[in-house]
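*Asks:* Heads up, the final residue of the sequence shown is numbered 479 in the numbering used here, and it's a clean run with no missing numbers.
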Amino acid sequence: MRRIKDKYDVIIFGSGPSAYTSAINCANSKLKVLCLDNLSSTLNKGVLPGVFTHPNSLTTICFSEGVNCYNDLINNINGIEADNLSFSISRIISRKNQYIASINQTYHKNFKELGIDFFNLSGKLISPNAIEILHQSPTLKIQTENIILATESIPIGISCAPIDHKYIYDADTSFNIGEIPNRIGILGAGIVGLEFASIWRRLGVEIILLEAQESFLNIVDNQISREAYKCFTNQGMELRLGARVTSTKIINKKVHIEFQDNDGVHAIRVDKLIVASGRKPNSRSLAAPEANLLLDENNFIHVNEKCRTNLPTTYAIGDLNMLGPMLPHKGIAEAFLVSDQIMGKQGPSVNYETIPNVIYTYPQIAWVGQTEQSLKSKGQKIKIGISSVSPKTHKYSPNSLKAFVKVIACAESDKIKGIHIFAHLASELIAEATLAMEFSASTEDIARTTHAHPSVAESIRNACQHMIIQKT
Ligand code: NAI
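Structure representation (structure tokens):
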């Protein structure tokens with residue numbers, strides 16, 4: 008039986024993507040590491056439960072793959088014909104569980120091989136160099152040289168729609184709806200709401216999205232969000248903007264929802280409601296008051312550009328801090344930054360300008376860098392190149408856009424300022440865009456780079472060439 012030691016070089020709170028990346032990096036440099044997570048995992052008792060703290064990423068991908076495959080078959084794509092097809096939600100859930108469990112076991116094995124101590128326990132920071140293990144008698148205090156807080160985020164609850172896991176689900180649990188309902192309501196048409204809507208809609212479920220804001224997906228480039236709105240409504244999603252949910256009730260096994268828009272109060276009935284109203288940092292009870300860890304009014308932990316908190320040897324990474332978007336790969340980048348600092352290496356800071364964003368809808372939306380509207384609002388002179396995404400056609404067709412790539416560059420220097428993609432493989436294509444921006448590429452650099460033909464990837468090159476063609 009493993010025992011917690013009295014002293015470590017690094018103690019990490021959490022076991023999600025940013026936590027395990029930090030743990031593995033530090034242990035690779037022979038530091039003694041303790042990793043704590045108090046989540047209980049039903050799938051794999053005691054095994055890095057934090058792998059589930061970003062369930063939407065892995066789980067959405069698992070679900071999407073199954074649903075895409077099913078859709079290709081029912082729509083006879085590529086000439087494949089199949090009869091009597093059915094979709095088993097329980098099988099897809101068990102495949103998803105197996106997939107996550109296998110990732111989990113791999114990390115757990117790595118932890119063991121590197122001598123990282125992992126315990127499914129709650130800890131609390133009591134000073135810059137000490138933590139307390141909670142619910143132990145007598146209380147256990149452990150000394151450490153460094154602390155990394157990486158407990159990620161949790162869904163923001165909303166009092167008018169209390170989660171009961173039977174009719175009303177939050178983003179972290181909605182994949183446990185073990186059947187295909189007729190009608191699902193989704194509160195919030197943000198990233199998470201749209202991902203759920205896209206999956207369930209492709210399984211034939213009637214979807215109604217209720218979004219309090221008047222505008223649709225305003226973090227995305229406006230041209231992409233307009234095209235996405237058209238595309239998703241054509242797919243049969245009912246998107247109600249300016250619709251604020253004000254109350255919910257369960258009557259006769261249905262969720263009765265009241266929402267308010269400019270025309271007044273309306274009522275609808277759905278089989279299930281998914282609440283996707285945003286996430287908040289999971290920072291509650293992480294530190295005792297006497298530790299003096301500084302949090303802001305929204306419970307984000309205050310950090311400098313190196314992710315260092317107001318306590319010199321304590322770091323907060325991933326969704327816990329306000330630097331950049333709430334994305335697992337942002338947390339992973341910060342994990343590298345922080346473990347480098349602990350090992351005394353002076354690595355470069357995280358470049359928050361080049362963090363790729365992906366919305367796993369169908370088609371996907373992905374982008375890196377700035378949008379046309381934000382650049383124009385800053386008065387910057389820009390030029391734009393657009394290409395449709397199709398391995399078969401290579402026409403520049405900005406007037407009949409469906410799937411497309413949009414490249415925005417500085418009109419004077421030609422340096423790329425943003426790349427925005429609305430296409431099935433956007434999550435893969437965005438890697439080239441991110442690399443180009445990280446290396447400060449110009450559109451000419453990409454236009455002169457040979458891409459495989461025919462391929463989906465050449466659409467980024469085509470968008471850059473579109474600018475050159477426009478110029479001549
Ligand atoms: P979000 O903030 O993007 O969207 C929540 C929406 O709910 C807002 O548009 C808000 O207006 C609406 N809302 C709130 N209360 C409402 C009410 N009473 N009635 C109607 N609408 C209401 O939050 P979301 O989608 O939950 O995502 C949270 C964070 O998680 C994002 O910041 C994102 O970075 C991250 N995330 C990203 C993923 C990805 O990149 N694929 C996947 C999962 C999470």
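By construction, the Cβ of each residue, glycine as well, lies at the ideal position given by its N, Cα and C atoms.
1. Restricting to runs no shorter than 4 residues, where is the alpha helix (DSSP H) found entirely within the stretch 318 to 374?
2. I think Ile281 touches Ile191, with their Cβ atoms under 8 Å apart; what is that distance to the nearest whole Å?
3. Can you tell me whether Thr368 is buried or exposed? The criterion is at least 16 other CB atoms within 10 Å of its CB, across all chains shown.
4. Could you give the DSSP three-state label for Gln387: helix, strand or coil?
5. Start and end of the beta strand (DSSP E) containing Ser20?
6. With DSSP collapsed to three states, give me the class of Ser254.
7. Less than 6 Å between the CB of Ser284 and some heavy atom of the ligand NAI, yes or no?
8. Would you list the one or two residues that DSSP bridges to Asn153?
9. Let me make sure I understand the geometry here. Which of Leu201, Thr158, Gly425, Thr378 has the alpha-carbon closest to that of Met333?
10. With H, G and I counted as helix, E and B as strand and the rest as coil, what does DSSP make of Thr180?
11. Would you kindly work out how many angstroms separate the C-alpha atoms of Lys352 and Ser22, rounded to a whole number?
12. Does the Cβ of Phe429 have 16 or more other Cβ atoms within 10 Å, making it buried, or fewer, making it exposed?
13. Can you tell me whether Phe70 is buried or exposed? The criterion is at least 16 other CB atoms within 10 Å of its CB, across all chains shown.
14. Helix or strand or just coil, what does DSSP make of Lys39?
15. Is Leu194 near the ligand NAI, in the sense that its beta carbon is under 6 Å from a heavy atom of that ligand?
16. Taking the beta carbon of Ala3 as the centre, do at least 16 other beta carbons fall within 10 Å, making it buried, or is it exposed?
17. List the residues that DSSP assigns as beta-bridge partners of Leu302.
18. Given a cut-off of 7 Å, decide if Tyr174 and Ile123 are closer than it, judged by their beta-carbon atoms.
19. I'd like the list of long-range same chain contacts for Thr400, defined as Cβ closer than 7 Å, with 5 residues on each side in sequence excluded.
20. When you compare only the Cα positions, how much space is there between Val277 and Val262?
21. Hey, could you find the ends of the beta strand (DSSP E) Glu94 is sitting in?
22. How many Å lie between Phe203 and Thr67 at the Cα?
23. Would you say the beta carbon of Leu217 comes nearer than 6 Å to a heavy atom of the ligand NAI?
24. Roughly how many angstroms separate the alpha carbons of Ile170 and Gln105, rounded to a whole number?
25. Tell me whether Met333 counts as near the ligand NAI, meaning its Cβ is closer than 6 Å to at least one heavy atom of that ligand.
26. Which of the three DSSP states is assigned to Cys417 in this structure?
27. Could you check what DSSP says for Arg10 in three-state terms: helix, strand or coil?
28. With a threshold of 6 Å (Cβ to nearest heavy atom), would Ile19 be considered close to the ligand NAI?
29. Taking Arg291 as the reference, give the member of Ser101, Asp228, Glu304, Ala454 with the closest Cα.
30. Residues in the same chain with beta-carbon distance under 6 Å from Gly325, minus the five sequence neighbours each way, listed in chain order, please.
*Replies:* By the coordinates alone:
1. Listed in chain order, they are 335 to 349.
2. Going by Cβ atoms, the distance from Ile281 to Ile191 rounds to 6 Å, so yes, they are a contact pair.
3. buried
4. coil
5. The question names Ser, yet the displayed sequence has Phe at residue 20. Looking at the DSSP string, the run of the beta strand (DSSP E) that includes Phe20 is 14 to 20.
6. strand
7. yes
8. Val17
9. For Met333, the nearest C-alpha among the options comes from Thr158.
10. coil
11. 24 Å
12. By the neighbour-count definition (other C-beta atoms within 10 Å, threshold 16), Phe429 is a buried residue.
13. It is buried - the Cβ of Phe70 has at least 16 other Cβ atoms within 10 Å.
14. Three-state result, Lys39: coil.
15. yes
16. Outside the shown range of the chain, which is 8 to 479, sits residue 3, and nothing can be said about it.
17. Ile308
18. no
19. Caution applies to Thr400, whose pLDDT of 45 falls short of 50 and renders its modelled position unreliable; the model cannot decide the point.
20. 5 Å
21. A quick correction: the sequence has Phe, not Glu, at residue 94. No beta strand (DSSP E) contains Phe94, which DSSP labels as neither H nor E.
22. Distance between the alpha carbons of Phe203 and Thr67 is about 8 Å.
23. Answer for Leu217: yes, Cβ within range of the ligand NAI.
24. Near 26 Å, if we compare the C-alpha coordinates of Gln105 and Ile170.
25. yes
26. strand
27. Of the three classes helix, strand and coil, the one that applies to Arg10 here is coil, per DSSP.
28. Taking 6 Å as the cut-off, the C-beta of Ile19 does not count as close to any heavy atom of the ligand NAI.
29. Out of Ser101, Asp228, Glu304, Ala454, Glu304 has the C-alpha closest to the C-alpha of Arg291.
30. Excluding its 5 nearest sequence neighbours in each direction, Gly325 has C-beta neighbours in its own chain below 6 Å: Ser25, Ala157, Glu159, Gly338, listed in chain order.
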